[in-house]
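If you use mature numbering (1 follows the signal peptide of the UniProt record, and there is no 0), the sequence shown corresponds to residues -27 to -1, 1 to 805, in order.
The next block holds one structure in the form of structure tokens; read it before the comments.
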Amino acid sequence: MVMVVGGSFKFLIWVSLVSCLASVSLGGYVPPTNYLINCGSPTSTSIGDRTFAADDYTSSVLSTQQNVSVAAGSSSGSISAPYGSALYRTARVFTEPSRYTFPIRQSGRVWIRLHFFPFASGSYNLSTAHFSVAAQNFTLLKEYRSKADPEVREFSINVNSGNLVLNFAPSAGSFAFVNALEVFSIPGGLIPESAQMIASGSSHSLGNRALETVQRVNMGKTTVLPENDTLWRLWDSDDKFLRHDYLAVNVTDFSSVSFKNKGPTNFTAPVSVYGTATRLNSDGDPNTLANVTWHLGVDPGFDYLIRFHFCDILPNPHPNFYFNVYVESWLVYKYLDLKNLTGYVSGAPYSMDYIAGSVASDTLTISMGPPNSDNNPIAILNGLEIVKISNSKNSLDVLDVSFPKSSKSNLVRIILLSVGLIIIVISAFVVFFICWRRRRLAEAKKGPFAAYGGGMIYSTDYSNGTAFSISKLDYRFPFYAIQEATDSFSENLVLGAGGFGKVYKGVLRDEMMVAVKRATSQSQGIAEFRTEIELLSQFRHRHLVSLIGYCDEMDEMIIVYEYMQNGNLKDHLYDSDNPSLSWRQRLEVCIGAAKGLHYLHTGTAKSIIHRDVKSANILLDDNFMAKVADFGLSKAGPEIDKTHVSTAVKGSFGYLDPEYFLRLQLTEKSDVYSFGVVLFEVLCGRPVIDPSLPRENVNLVDYAVKNLKKGKLEEIIDPKIRDEIKPESMKKFAEIAEKCLADCGLYRPSMGDVLWNLECALQLQVNEEFALQLNDELPRSRHGDGNSQISPAKSFGTTAMGSTQLGDLADVSMSQVFAKLVSDSEEFQLQK
């Protein structure tokens, strides 16, 4: 052990001197414990208004078997480091396990800052050093190798009493080093004793945990250097973490910041942090629904304390100063009202802490944005801190994270199996392709239509006037067959038009009526064309429009569907001369559409998300049975171990799930939201967006939900059905429609739940109609009017839609009603 150089008296003088200087450098804060050491240096070094003592003055805290002081060459003067290059010209090298023992004057949390810069000096090349660092019973660094540039690693440990022991342990055959050390007390209350877990909402204690600062980020694209921070912290500029720079606007106003309010102090974050901010750029689009997003690198497998810093430094008061805050896919704070949280004190800072548990990725995503389409939405963030929390092994190093064994011990086995599987699949594909190619060539010699598809079967030559038939194995039609069916795409046969192209009514030679959708030359829908054919050819359901065939000759993209005589649901609700639907019919249409969507979500091996649910895509046959159509935008649902599909936003304005729109995360609940909009269309009998109405009523969703909350449900009902709709049925229908429109997909019902509630709404309507009929008939029965008496021979029946209708039974009980519901549910499961 090295003898004390300079004695304890010198050391005490040094500590007192540094403490006095700290009262200036830390803005009036005098740390009870304050050690600043320029390791390996024979003289003290001034960095700003702080003094880092030479090793000679700190030898009383250093215990080692063998250590060496080394100095860098003259080139180190060009080092660019936030804490100054002077700290990186020397280093203390440990060839054996060594420790610093720091007496702690006052119990509480202390910061430990380790400065590293690998230079070469004599026989020591610090870039080859390999070592671990521990403090108390916590592992801070394990098998550490320094980077090429100066690096500062900052840790925090709660020391109740006595000494803080900092151990350096070289790996076998290597050595350890450190350029500079900082150990000083943290102001009380700066680090919370506990914080709320994001996922569970429960409180998580931090008192017995070690912490490591991973990122300190200053918003507004401005770096805050240590000399401009009250506690000598470095705050990186947020520009390198921003995902979409064009969505961010920088704001700077240091004069607006005021620490007079009860809340954060200049120790929480300095004026240089609260005086700059990044806000959502809504200047070009006052109704934007985008999020400002930052991606920050982290080590997977740890919990992280996340501290948000807010301060209203905007130049003008804003009427809609509330926004949502997200961490990963979690909504951390909904409608964060900054003005209310700061007691309407102008320029008052506000901070909040949350814990993200067991982060699985190496990237942590932080987002903020408007909760709805308010005019000129606002969202603002001034600073962000990401702090790693020690795990159950009392470690802060990723090497001490327990990953599943399959990712380590079985890695080679998985790779070999994967390679073998790939070889088998490729071989099978080659064999299949060769056989398929030979078959196509053989069939091409048989006639002009044999090459249309391996499963295509024609009875005779179509040009001779004989109708052809198409097998279930292939759906390809020759182009001239489509031309003939549509009278060369006559404008008189146009049924409608959309983004993909026009839809024509057609009649095939076997007199089958069909709907023919033909892409326009301007259409870019080849992906949608393929998606729709692939999906519709895979499944059949009574509430999904059936695929008859397609044509891809001569660069055409044509899809042939079964013909739906009564058009789409939208045309029977508003803006059309078509007859309006009764309330019972509307309920049955909604139930049919819900069955179709429920089948898509659950009835196939992998769920299908429609992605464009709207009233115009719900078609009605000659019996007004509903069938869901237009699957061009549909997408396979997430894998079993995933919660969503990340994809670009597509769909129809007014029906889009806001969560999907903001976060590009698609789920089955996105269809549920769109279907909720359709339900309000059905109830209100008006368009989703109606610019002719007063501004507050333009958007159907806002209009309907607002009136529901006010208890004015009757006022929004379509006047055409107001007299026939029964109160209980109306209430049940509106309740499930409102639940579909929840901002967060987790709170929306599944399509199966929607279906059950719609069936219930229909049954409530039927029950009330039956009760009224019964009341009308019973008095005549008592007076002996046999013609008006209800016949006991009649019972429940079903409409062509497959939904329950009530006959004129006098003795029907509620048990029969619910028995019928159960029967319908079982029938639905069999259909699946």
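Positions of the beta carbon are idealized from the N, C-alpha and C atoms, including for glycine.
- Under the Cβ criterion (8 Å, minimum of three pairs), the stretch 225 to 245 does not count as touching the stretch 296 to 303.
- When DSSP states are grouped into helix, strand and coil, E688 belongs to the helix group.
- Taking the Cα positions, P243 is about 53 Å away from R659.
- The C-beta distance from Y628 to K685 rounds to 24 Å, too long to fall under 8 Å, and the pair is not in contact.
- For V487, the CB contacts under 7 Å within the same chain, skipping 5 residues up- and downstream, are A458, G479, L481, I521, V533, Y534, E535, Y536 in chain order.
- Under the DSSP assignment, N680 falls in the alpha helix (DSSP H) whose first and last residues are 673 to 682.
- The residue from I591, L113, A108, K579 with its alpha-carbon nearest to that of G569 is I591.
- Listed as beta-bridge partners of D276 by DSSP are I362.
- The alpha-carbon of G474 is positioned some 11 Å away from that of E529.
- Taking a contact as a CB-CB distance under 8 Å, the pair N254 and V305 does not count as one, their CB atoms being some 22 Å apart.
- Two segments are said to touch when three or more pairs of C-beta atoms, one from each, lie closer than 8 Å; by this definition the stretch 571 to 588 touches the stretch 618 to 628.
- Shown here for K543: same chain residues with a beta carbon closer than 7 Å to its own, the five before and five after excluded, namely S588, A589 in chain order.
- Taking every protein chain shown into account, the CB of W208 has 16 or more other CB atoms within 10 angstroms, so this residue is buried.
- Within the same chain, E200 come within 6 Å of G21 by CB-CB distance, once the 5 residues on both sides are set aside.
- Here the C-alpha atom of V392 lies approximately 14 Å from the C-alpha atom of A401.
- With distances taken between CA atoms, D550 lies nearest to N539 out of N539, W556, R557.
- Excluding five sequence positions before and after P55, the CB atoms of its chain that fall closer than 7 Å to its own CB belong to L198, P199, L207, given in chain order.
- The residue among A677, Y646, V132, D696 with its C-alpha nearest the C-alpha of R78 is V132.
- Annotation: I662 is outside any beta strand (DSSP E) and is labelled neither H nor E by DSSP.
- With contacts defined as CB atoms closer than 7 Å, I164 and Y277 fail to qualify as a contacting pair.
- DSSP places T575 in the uninterrupted alpha helix (DSSP H) bounded by 556 to 575.
- About 6 Å separates the beta carbons of Y295 and L309, which is inside the 8 Å limit, making them a contact pair.
- A contact is defined here as three or more CB-CB pairs under 8 Å, and the stretch 11 to 19 fails this definition with respect to the stretch 167 to 174.
- Assigned with DSSP and collapsed to three states, L372 falls in helix.
- Contact between E654 and L681 does not hold, since their C-beta atoms are separated by about 15 Å, which reaches or exceeds 8 Å.
- The alpha-carbon of G565 is positioned some 16 Å away from that of H545.
- By the criterion of a C-beta distance shorter than 7 Å, D595 is surrounded in its chain by Q538, N539, once the five residues flanking it on both sides are discounted.
- Checking the DSSP bridge columns, you'll see I130 partnered with V83.
- For S100, the CB contacts under 7 Å within the same chain, skipping 5 residues up- and downstream, are P91, S119 in chain order.
- Closest by C-alpha distance to T195, out of A93, D226, A108, is D226.
- Per the DSSP secondary-structure output, C524 pairs in a beta bridge with I531.
- With contacts defined by Cβ atoms closer than 7 Å, Q109 and I130 form a contacting pair.
- If you draw a straight line from the Cα of K307 to the Cα of H177, it is about 21 Å long.
- Bounds of the alpha helix (DSSP H) holding K712 are 700 to 713.
- A residue is called buried once 16 or more other Cβ atoms fall within 10 Å of its Cβ, and R65 is buried on that count.
- Ranked by how close their Cα comes to the Cα of V601, the residues P343, I531, N541, S134 have N541 in first place.
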